[in-house]
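To start, the structure under review is shown below, and the notes come after it.
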Amino acid sequence: MTTCSMLPFRRTARLTRLMLAMLLAATLAIAPAWAQSADDKTQTQAPSASDEASTEASPQPSPQSLPGEAASGDSPSASKQDAPSGSEPKTTETVIEVPSVVQGSPEPIEPPPTRELRLVLDWYPSPQHAALLIAKAHGELKRRGVSLTITTPADPSVPAKLVAAGRADLAVGREPQLHMLIDKGLPLVRVATLIDTPLSSLIVREDSDITDITDLAGKTLGYAFQDSINPVLATMLNHHGMTLNDVTLEKIDFAMVRALAEKSVDALIGAPRNVIPALLGQEGVPTRRFLPEEHGLPLHDGLVLIANRDHLNAKRDDIDHLLGALEEATNWMINHPDEAWALLVNQEPSLESDANQQAWEASLRRMSPSPAMLNDSRYASFEHFLKKKAFIDEITSLKRLAVDPGSS
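Right, here's the structure in full:
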(Lines of atoms letter the chains of each structure in order from A and count residues from 1; the text may use other names and numbers.)
(Lines give C-alpha, C1' and ligand atoms only; values in the text may rest on other atoms or scores of the structure.)
Protein backbone atom coordinates (compact mmCIF):
# COMPACT_ATOMS: atom_id res chain seq x y z
CA MET A 1 0.00 0.00 0.00
CA THR A 2 2.70 2.28 0.80
CA THR A 3 4.65 1.38 -2.34
CA CYS A 4 1.71 1.99 -4.57
CA SER A 5 0.95 5.39 -3.07
CA MET A 6 4.53 6.72 -3.71
CA LEU A 7 4.51 5.97 -7.46
CA PRO A 8 2.52 9.05 -8.56
CA PHE A 9 4.82 11.36 -6.55
CA ARG A 10 8.00 10.01 -8.18
CA ARG A 11 6.55 10.44 -11.64
CA THR A 12 5.64 13.99 -10.82
CA ALA A 13 9.21 14.78 -9.60
CA ARG A 14 10.82 13.39 -12.75
CA LEU A 15 8.43 15.43 -14.88
CA THR A 16 9.29 18.55 -12.92
CA ARG A 17 13.04 18.06 -13.38
CA LEU A 18 12.56 17.50 -17.10
CA MET A 19 10.61 20.73 -17.46
CA LEU A 20 13.25 22.68 -15.54
CA ALA A 21 15.98 21.33 -17.82
CA MET A 22 14.05 22.30 -20.92
CA LEU A 23 13.38 25.78 -19.54
CA LEU A 24 17.10 26.28 -18.78
CA ALA A 25 18.07 25.19 -22.29
CA ALA A 26 15.63 27.64 -23.81
CA THR A 27 16.94 30.38 -21.61
CA LEU A 28 20.55 29.78 -22.71
CA ALA A 29 19.59 29.59 -26.39
CA ILE A 30 17.91 33.02 -26.46
CA ALA A 31 20.27 36.08 -25.72
CA PRO A 32 18.69 38.92 -23.78
CA ALA A 33 18.23 42.32 -25.38
CA TRP A 34 20.84 44.02 -23.18
CA ALA A 35 23.50 41.51 -24.23
CA GLN A 36 22.70 42.04 -27.93
CA SER A 37 22.96 45.81 -27.50
CA ALA A 38 26.36 45.42 -25.87
CA ASP A 39 27.58 43.28 -28.76
CA ASP A 40 26.45 45.89 -31.28
CA LYS A 41 28.36 48.53 -29.41
CA THR A 42 31.47 46.41 -29.39
CA GLN A 43 31.26 45.90 -33.14
CA THR A 44 30.77 49.64 -33.73
CA GLN A 45 33.79 50.61 -31.64
CA ALA A 46 36.05 48.11 -33.37
CA PRO A 47 35.61 48.56 -37.15
CA SER A 48 37.02 46.02 -39.52
CA ALA A 49 40.25 46.50 -41.51
CA SER A 50 38.23 47.18 -44.66
CA ASP A 51 36.37 49.95 -42.86
CA GLU A 52 39.70 51.56 -41.82
CA ALA A 53 41.03 51.40 -45.37
CA SER A 54 37.87 53.02 -46.66
CA THR A 55 38.21 55.81 -44.12
CA GLU A 56 41.89 56.50 -45.02
CA ALA A 57 41.10 56.61 -48.73
CA SER A 58 38.45 59.31 -48.32
CA PRO A 59 39.36 62.87 -49.53
CA GLN A 60 41.08 65.18 -47.03
CA PRO A 61 39.61 68.61 -46.27
CA SER A 62 40.77 71.51 -48.42
CA PRO A 63 43.01 74.19 -46.81
CA GLN A 64 40.01 76.52 -46.65
CA SER A 65 37.84 73.98 -44.75
CA LEU A 66 37.53 74.14 -41.01
CA PRO A 67 39.01 71.23 -39.02
CA GLY A 68 36.58 68.26 -39.02
CA GLU A 69 34.77 69.32 -42.23
CA ALA A 70 34.50 66.91 -45.15
CA ALA A 71 36.09 67.66 -48.51
CA SER A 72 32.65 68.49 -49.91
CA GLY A 73 32.45 71.49 -47.60
CA ASP A 74 29.80 69.95 -45.28
CA SER A 75 29.42 71.46 -41.84
CA PRO A 76 30.80 69.76 -38.71
CA SER A 77 27.22 68.84 -37.59
CA ALA A 78 26.60 66.94 -40.83
CA SER A 79 29.79 64.94 -40.31
CA LYS A 80 28.61 63.89 -36.85
CA GLN A 81 25.28 62.64 -38.26
CA ASP A 82 27.07 60.50 -40.86
CA ALA A 83 29.38 58.92 -38.29
CA PRO A 84 28.47 55.52 -36.81
CA SER A 85 26.37 55.61 -33.64
CA GLY A 86 28.44 55.93 -30.48
CA SER A 87 31.71 56.95 -32.23
CA GLU A 88 33.43 60.33 -32.48
CA PRO A 89 33.78 61.86 -36.01
CA LYS A 90 37.24 61.61 -37.59
CA THR A 91 38.93 65.04 -37.82
CA THR A 92 41.89 66.35 -39.82
CA GLU A 93 44.60 68.02 -37.75
CA THR A 94 46.17 71.26 -39.07
CA VAL A 95 49.93 70.80 -39.31
CA ILE A 96 51.98 73.93 -38.47
CA GLU A 97 55.42 73.94 -40.02
CA VAL A 98 58.10 74.98 -37.57
CA PRO A 99 61.40 76.31 -38.98
CA SER A 100 64.38 74.15 -38.18
CA VAL A 101 66.44 77.25 -37.31
CA VAL A 102 64.98 79.83 -34.99
CA GLN A 103 65.77 83.34 -36.23
CA GLY A 104 66.68 86.07 -33.77
CA SER A 105 66.59 89.83 -34.13
CA PRO A 106 67.71 91.11 -37.57
CA GLU A 107 71.31 92.19 -37.87
CA PRO A 108 71.84 95.97 -37.86
CA ILE A 109 72.19 97.47 -41.33
CA GLU A 110 75.84 98.02 -42.16
CA PRO A 111 76.73 101.54 -43.36
CA PRO A 112 78.16 101.69 -46.88
CA PRO A 113 81.92 101.25 -47.01
CA THR A 114 83.92 104.45 -46.81
CA ARG A 115 85.89 105.27 -49.95
CA GLU A 116 89.18 106.71 -48.76
CA LEU A 117 91.20 108.93 -51.08
CA ARG A 118 94.37 110.97 -50.47
CA LEU A 119 94.73 114.15 -52.52
CA VAL A 120 97.62 116.61 -52.72
CA LEU A 121 96.96 120.18 -53.86
CA ASP A 122 99.23 121.94 -56.34
CA TRP A 123 99.29 125.11 -54.23
CA TYR A 124 98.13 126.33 -50.85
CA PRO A 125 94.31 126.30 -50.58
CA SER A 126 92.83 128.97 -52.83
CA PRO A 127 89.52 129.77 -54.58
CA GLN A 128 90.50 127.64 -57.57
CA HIS A 129 90.24 124.58 -55.28
CA ALA A 130 86.69 125.49 -54.28
CA ALA A 131 85.05 122.39 -55.79
CA LEU A 132 87.12 120.13 -53.53
CA LEU A 133 86.71 122.27 -50.42
CA ILE A 134 82.98 122.90 -50.89
CA ALA A 135 82.23 119.24 -51.64
CA LYS A 136 83.75 118.44 -48.27
CA ALA A 137 82.11 121.28 -46.31
CA HIS A 138 78.68 121.09 -47.94
CA GLY A 139 78.34 117.32 -47.51
CA GLU A 140 78.48 115.99 -51.08
CA LEU A 141 81.49 113.82 -50.25
CA LYS A 142 79.86 112.40 -47.13
CA ARG A 143 76.63 111.57 -48.96
CA ARG A 144 78.66 109.63 -51.51
CA GLY A 145 80.64 107.80 -48.85
CA VAL A 146 83.94 109.44 -49.79
CA SER A 147 86.56 110.26 -47.16
CA LEU A 148 88.94 112.73 -48.82
CA THR A 149 92.19 113.73 -47.14
CA ILE A 150 93.53 116.99 -48.62
CA THR A 151 97.13 118.06 -48.02
CA THR A 152 99.24 121.01 -49.15
CA PRO A 153 102.71 120.22 -50.54
CA ALA A 154 105.87 121.74 -49.12
CA ASP A 155 107.13 121.98 -52.71
CA PRO A 156 104.61 122.69 -55.53
CA SER A 157 106.60 120.48 -57.91
CA VAL A 158 106.06 117.22 -55.97
CA PRO A 159 102.29 116.41 -55.92
CA ALA A 160 102.19 114.51 -59.23
CA LYS A 161 105.41 112.72 -58.33
CA LEU A 162 103.84 111.53 -55.07
CA VAL A 163 100.97 110.04 -57.07
CA ALA A 164 103.41 108.35 -59.46
CA ALA A 165 105.20 106.83 -56.46
CA GLY A 166 101.92 105.56 -54.97
CA ARG A 167 102.14 107.82 -51.93
CA ALA A 168 98.95 109.68 -52.85
CA ASP A 169 95.87 108.73 -54.87
CA LEU A 170 95.31 112.06 -56.61
CA ALA A 171 97.12 115.31 -57.28
CA VAL A 172 95.93 118.65 -58.55
CA GLY A 173 97.93 119.71 -61.58
CA ARG A 174 97.82 121.31 -65.02
CA GLU A 175 97.34 119.73 -68.42
CA PRO A 176 100.73 120.86 -69.85
CA GLN A 177 102.43 119.35 -66.79
CA LEU A 178 100.58 116.06 -67.35
CA HIS A 179 101.78 115.71 -70.95
CA MET A 180 105.38 116.48 -70.00
CA LEU A 181 105.53 114.04 -67.05
CA ILE A 182 103.95 111.20 -69.02
CA ASP A 183 106.56 111.71 -71.74
CA LYS A 184 109.20 111.22 -69.02
CA GLY A 185 107.74 107.83 -68.18
CA LEU A 186 105.63 108.57 -65.11
CA PRO A 187 102.48 106.37 -64.91
CA LEU A 188 100.00 109.24 -64.70
CA VAL A 189 96.59 109.91 -66.23
CA ARG A 190 94.04 112.73 -66.13
CA VAL A 191 90.78 111.69 -64.41
CA ALA A 192 88.98 115.05 -63.98
CA THR A 193 89.02 118.73 -64.89
CA LEU A 194 88.41 121.40 -62.25
CA ILE A 195 89.13 124.42 -64.48
CA ASP A 196 88.69 123.82 -68.22
CA THR A 197 90.37 127.03 -69.46
CA PRO A 198 94.04 128.07 -69.14
CA LEU A 199 95.06 129.55 -65.77
CA SER A 200 98.76 130.26 -66.29
CA SER A 201 99.83 133.80 -67.09
CA LEU A 202 102.88 136.02 -67.29
CA ILE A 203 102.49 138.90 -64.83
CA VAL A 204 104.52 142.11 -64.53
CA ARG A 205 104.16 145.20 -62.41
CA GLU A 206 102.11 147.96 -63.94
CA ASP A 207 104.98 150.40 -63.38
CA SER A 208 107.37 148.04 -65.20
CA ASP A 209 108.92 148.89 -68.55
CA ILE A 210 107.75 145.51 -69.88
CA THR A 211 104.88 146.27 -72.20
CA ASP A 212 105.51 143.55 -74.77
CA ILE A 213 106.89 139.99 -74.70
CA THR A 214 110.03 141.14 -76.47
CA ASP A 215 110.72 143.46 -73.54
CA LEU A 216 111.50 140.37 -71.45
CA ALA A 217 114.96 140.10 -72.98
CA GLY A 218 117.56 140.27 -70.20
CA LYS A 219 114.91 140.20 -67.46
CA THR A 220 114.59 137.84 -64.47
CA LEU A 221 111.46 135.73 -64.33
CA GLY A 222 110.31 133.89 -61.20
CA TYR A 223 108.51 130.54 -61.48
CA ALA A 224 107.06 127.80 -59.29
CA PHE A 225 106.27 125.00 -61.78
CA GLN A 226 108.61 123.39 -64.28
CA ASP A 227 105.89 123.21 -66.93
CA SER A 228 105.68 127.00 -66.69
CA ILE A 229 109.07 127.02 -68.44
CA ASN A 230 108.49 124.22 -70.92
CA PRO A 231 106.17 124.47 -72.73
CA VAL A 232 104.48 127.70 -71.53
CA LEU A 233 107.22 130.34 -71.45
CA ALA A 234 109.25 128.74 -74.23
CA THR A 235 106.22 128.83 -76.56
CA MET A 236 105.48 132.48 -75.75
CA LEU A 237 109.08 133.49 -76.40
CA ASN A 238 109.34 131.41 -79.58
CA HIS A 239 106.15 133.01 -80.81
CA HIS A 240 108.04 136.33 -80.76
CA GLY A 241 111.34 135.02 -82.12
CA MET A 242 113.02 134.59 -78.73
CA THR A 243 114.32 131.63 -76.71
CA LEU A 244 114.79 130.75 -73.06
CA ASN A 245 118.40 131.86 -73.38
CA ASP A 246 117.16 135.45 -73.63
CA VAL A 247 115.89 135.50 -70.02
CA THR A 248 117.05 134.58 -66.52
CA LEU A 249 114.95 132.09 -64.52
CA GLU A 250 114.61 131.93 -60.73
CA LYS A 251 112.63 129.32 -58.82
CA ILE A 252 110.58 131.03 -56.11
CA ASP A 253 107.92 128.39 -55.29
CA PHE A 254 105.13 129.91 -53.16
CA ALA A 255 106.76 133.35 -52.79
CA MET A 256 105.37 134.81 -56.01
CA VAL A 257 103.56 137.76 -54.44
CA ARG A 258 106.48 138.80 -52.26
CA ALA A 259 109.02 138.36 -55.05
CA LEU A 260 107.24 140.72 -57.45
CA ALA A 261 106.16 143.15 -54.72
CA GLU A 262 109.77 143.45 -53.55
CA LYS A 263 111.06 143.60 -57.15
CA SER A 264 113.37 140.64 -56.64
CA VAL A 265 112.11 139.47 -60.04
CA ASP A 266 110.87 141.42 -63.05
CA ALA A 267 108.03 139.10 -63.96
CA LEU A 268 106.20 135.96 -62.86
CA ILE A 269 105.58 133.06 -65.25
CA GLY A 270 102.94 130.42 -64.55
CA ALA A 271 101.18 132.60 -62.00
CA PRO A 272 97.48 131.68 -61.62
CA ARG A 273 95.70 134.59 -63.35
CA ASN A 274 92.64 134.32 -61.15
CA VAL A 275 94.55 134.66 -57.84
CA ILE A 276 97.97 136.35 -58.03
CA PRO A 277 96.87 139.72 -59.53
CA ALA A 278 94.25 140.09 -56.78
CA LEU A 279 96.77 139.28 -54.04
CA LEU A 280 99.31 141.73 -55.48
CA GLY A 281 96.62 144.38 -55.70
CA GLN A 282 95.94 143.84 -52.00
CA GLU A 283 99.63 144.63 -51.41
CA GLY A 284 99.31 147.84 -53.38
CA VAL A 285 100.98 146.47 -56.52
CA PRO A 286 98.83 146.84 -59.65
CA THR A 287 99.81 144.50 -62.49
CA ARG A 288 99.59 143.72 -66.18
CA ARG A 289 99.36 140.22 -67.59
CA PHE A 290 100.16 138.31 -70.78
CA LEU A 291 98.10 135.21 -71.58
CA PRO A 292 99.86 132.16 -73.09
CA GLU A 293 96.91 131.22 -75.35
CA GLU A 294 97.24 134.65 -76.94
CA HIS A 295 100.93 134.08 -77.61
CA GLY A 296 101.11 130.72 -79.34
CA LEU A 297 100.06 128.09 -76.77
CA PRO A 298 96.95 126.02 -77.68
CA LEU A 299 93.91 125.99 -75.40
CA HIS A 300 94.08 123.43 -72.61
CA ASP A 301 92.68 122.52 -69.19
CA GLY A 302 93.95 124.87 -66.53
CA LEU A 303 93.46 122.61 -63.50
CA VAL A 304 93.09 118.83 -63.52
CA LEU A 305 93.08 115.85 -61.19
CA ILE A 306 95.87 113.38 -61.89
CA ALA A 307 95.85 109.70 -60.84
CA ASN A 308 98.28 106.80 -61.07
CA ARG A 309 97.49 104.89 -64.27
CA ASP A 310 98.78 101.60 -62.83
CA HIS A 311 96.47 101.87 -59.80
CA LEU A 312 93.45 103.29 -61.60
CA ASN A 313 91.40 100.08 -61.84
CA ALA A 314 91.62 99.56 -58.09
CA LYS A 315 90.54 103.15 -57.40
CA ARG A 316 88.21 103.75 -60.35
CA ASP A 317 84.95 103.34 -58.43
CA ASP A 318 86.16 105.52 -55.55
CA ILE A 319 87.27 108.25 -57.96
CA ASP A 320 83.96 108.04 -59.83
CA HIS A 321 82.08 108.67 -56.56
CA LEU A 322 84.39 111.62 -55.85
CA LEU A 323 83.68 113.14 -59.26
CA GLY A 324 79.95 112.80 -58.73
CA ALA A 325 80.32 114.77 -55.50
CA LEU A 326 82.45 117.43 -57.22
CA GLU A 327 79.85 117.87 -59.96
CA GLU A 328 77.08 118.38 -57.41
CA ALA A 329 79.21 120.80 -55.37
CA THR A 330 80.23 122.82 -58.44
CA ASN A 331 76.67 123.26 -59.62
CA TRP A 332 75.58 124.26 -56.13
CA MET A 333 78.36 126.90 -56.06
CA ILE A 334 77.28 128.30 -59.41
CA ASN A 335 73.67 128.51 -58.24
CA HIS A 336 74.50 129.95 -54.80
CA PRO A 337 77.77 131.93 -55.10
CA ASP A 338 77.30 134.03 -51.95
CA GLU A 339 76.43 131.04 -49.76
CA ALA A 340 79.29 129.10 -51.31
CA TRP A 341 81.79 131.86 -50.53
CA ALA A 342 80.62 132.01 -46.90
CA LEU A 343 80.98 128.24 -46.61
CA LEU A 344 84.39 128.34 -48.28
CA VAL A 345 85.88 130.83 -45.82
CA ASN A 346 84.33 128.91 -42.95
CA GLN A 347 86.10 125.79 -44.21
CA GLU A 348 89.37 127.67 -44.89
CA PRO A 349 89.50 130.80 -42.68
CA SER A 350 92.81 131.86 -44.28
CA LEU A 351 90.87 132.72 -47.46
CA GLU A 352 88.82 135.46 -45.82
CA SER A 353 90.08 138.62 -47.50
CA ASP A 354 88.90 141.07 -50.14
CA ALA A 355 91.58 139.80 -52.51
CA ASN A 356 90.45 136.19 -52.22
CA GLN A 357 86.82 137.17 -52.61
CA GLN A 358 87.79 138.92 -55.84
CA ALA A 359 89.71 135.79 -56.85
CA TRP A 360 86.65 133.71 -55.96
CA GLU A 361 84.49 135.59 -58.43
CA ALA A 362 87.13 135.17 -61.14
CA SER A 363 87.51 131.45 -60.36
CA LEU A 364 83.80 130.66 -60.28
CA ARG A 365 83.40 131.67 -63.92
CA ARG A 366 85.99 129.07 -64.90
CA MET A 367 84.73 126.09 -62.90
CA SER A 368 84.09 122.97 -64.94
CA PRO A 369 80.43 122.01 -64.27
CA SER A 370 81.09 118.36 -65.19
CA PRO A 371 84.58 117.48 -63.91
CA ALA A 372 84.62 113.98 -65.39
CA MET A 373 83.84 115.19 -68.92
CA LEU A 374 86.82 114.81 -71.23
CA ASN A 375 87.59 116.98 -74.26
CA ASP A 376 89.49 114.18 -75.96
CA SER A 377 90.14 115.99 -79.24
CA ARG A 378 91.77 118.89 -77.40
CA TYR A 379 94.04 116.55 -75.43
CA ALA A 380 95.11 114.80 -78.61
CA SER A 381 95.69 118.13 -80.35
CA PHE A 382 97.81 119.45 -77.48
CA GLU A 383 99.89 116.27 -77.48
CA HIS A 384 100.63 116.64 -81.19
CA PHE A 385 101.53 120.30 -80.70
CA LEU A 386 104.10 119.38 -78.06
CA LYS A 387 105.60 116.72 -80.32
CA LYS A 388 105.77 119.11 -83.26
CA LYS A 389 107.57 121.72 -81.12
CA ALA A 390 109.94 119.06 -79.73
CA PHE A 391 108.78 119.45 -76.14
CA ILE A 392 108.14 115.69 -75.96
CA ASP A 393 109.85 112.74 -77.63
CA GLU A 394 106.92 110.43 -78.37
CA ILE A 395 103.17 110.67 -78.96
CA THR A 396 101.19 109.06 -76.14
CA SER A 397 97.80 107.57 -77.01
CA LEU A 398 94.75 109.38 -75.69
CA LYS A 399 93.65 106.51 -73.44
CA ARG A 400 97.00 106.75 -71.65
CA LEU A 401 96.77 110.53 -71.33
CA ALA A 402 93.25 111.10 -70.06
CA VAL A 403 90.15 109.11 -69.13
CA ASP A 404 86.66 109.53 -67.76
CA PRO A 405 86.65 107.01 -64.86
CA GLY A 406 82.89 106.55 -65.08
CA SER A 407 82.85 105.55 -68.75
CA SER A 408 83.05 101.91 -69.76
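Here the sequence shown stands for residues -35 to -1, 1 to 373, where the numbers follow mature numbering (1 follows the signal peptide of the UniProt record, and there is no 0). Where a beta carbon is used, it is the ideal one built from N, C-alpha and C, also for glycine. Treat the numbers as computed from the prediction; the structure is a model and nothing was measured.
Annotated three-state conformation of threonine 295 is helix, per DSSP. The stretch 333 to 350 makes no contact with the stretch 126 to 134: fewer than 3 CB pairs, one atom from each, lie closer than 8 Å. Here alanine 182 is not near aspartate 218, since their CB atoms are 8 Å or more apart. In this model, proline 370 and leucine 308 are separated by some 29 Å (Cα to Cα). For valine 111 against alanine 290, the beta-carbon gap comes to about 6 Å, under 8 Å, which counts as contact.
In the assembly as shown, aspartate 282 is an exposed residue. Its beta-carbon has fewer than 16 other beta-carbons within 10 Å. Taken through DSSP and simplified to helix, strand or coil, methionine 338 comes out as coil. Here histidine 260 really is in contact with histidine 204; their C-beta atoms are around 5 Å apart, less than 8 Å. Excluding residues up to 5 positions away in sequence, nothing lies with its Cβ nearer than 7 Å to the Cβ of arginine 223 in the same chain.
Inclusion of glutamine 93 and leucine 268 in the CB contact set at 8 Å is warranted, their separation being smaller than that value.
Counting along the chain, the unbroken beta strand (DSSP E) around threonine 116 starts and ends at 111 to 116. For the pair proline 336 and isoleucine 160, the Cα-to-Cα distance works out to about 8 Å. Looking at Arg170, Ala236, Val310 and Gly206, the one whose alpha-carbon comes closest to that of glutamate 248 is Arg170. Isoleucine 284 is not a Cβ neighbour of methionine 145, given a cutoff of 8 Å.
Nearest to threonine 361 by alpha-carbon distance, out of Asn273, Leu198, Val154 and Pro237, is Val154. Going by C-alpha positions, asparagine 273 is about 13 Å away from alanine 157.
Taking C-beta separations shorter than 7 Å and ignoring five residues to either side along the sequence, the partners of glutamate 258 in its chain run Pro163 and Leu264, following chain order. Aspartate 211 has its alpha-carbon roughly 42 Å from the corresponding atom of threonine 114. The DSSP-derived three-state label of methionine 145 is helix. Phenylalanine 255 is bridged by DSSP to Leu167.
Threonine 213 has Thr185 as its beta-bridge partners, per DSSP. Boundaries for leucine 151: no alpha helix (DSSP H) harbours it, and the DSSP string shows neither H nor E there. In the structure shown, threonine 158 falls within a strand segment according to DSSP collapsed to helix, strand and coil.
Leaving aside the five residues that flank glutamine 191 on each side, the residues in its chain whose CB is nearer than 8 Å to its CB run, in chain order, Ser122, Gln142 and Met145. From the listed residues Asp275, Trp88, Trp297 and Glu140, the smallest Cα separation to leucine 339 is found for Glu140. Contact between glutamine 323 and alanine 243 holds: CB atoms are separated by about 4 Å, below the 8 Å threshold. The Cβ-Cβ distance between serine 165 and glycine 235 falls below 8 Å.
Counting the other Cβ atoms within 10 Å of the Cβ of asparagine 300 gives fewer than 16, which makes it exposed. In this structure, Thr117 is the residue among Leu233, Thr117 and Thr295 with its C-alpha nearest to the C-alpha of valine 137. In terms of Cα proximity to histidine 276, the closest of Leu135, Asn296 and Lys354 is Leu135. Rounded to whole angstroms, aspartate 231 and glutamate 105 show a C-alpha spacing of 43 Å.
Here glycine 138 is bridged, per DSSP, to Val269. Rounded to the nearest whole angstrom, the C-alpha separation of leucine 233 and threonine 213 is 12 Å.
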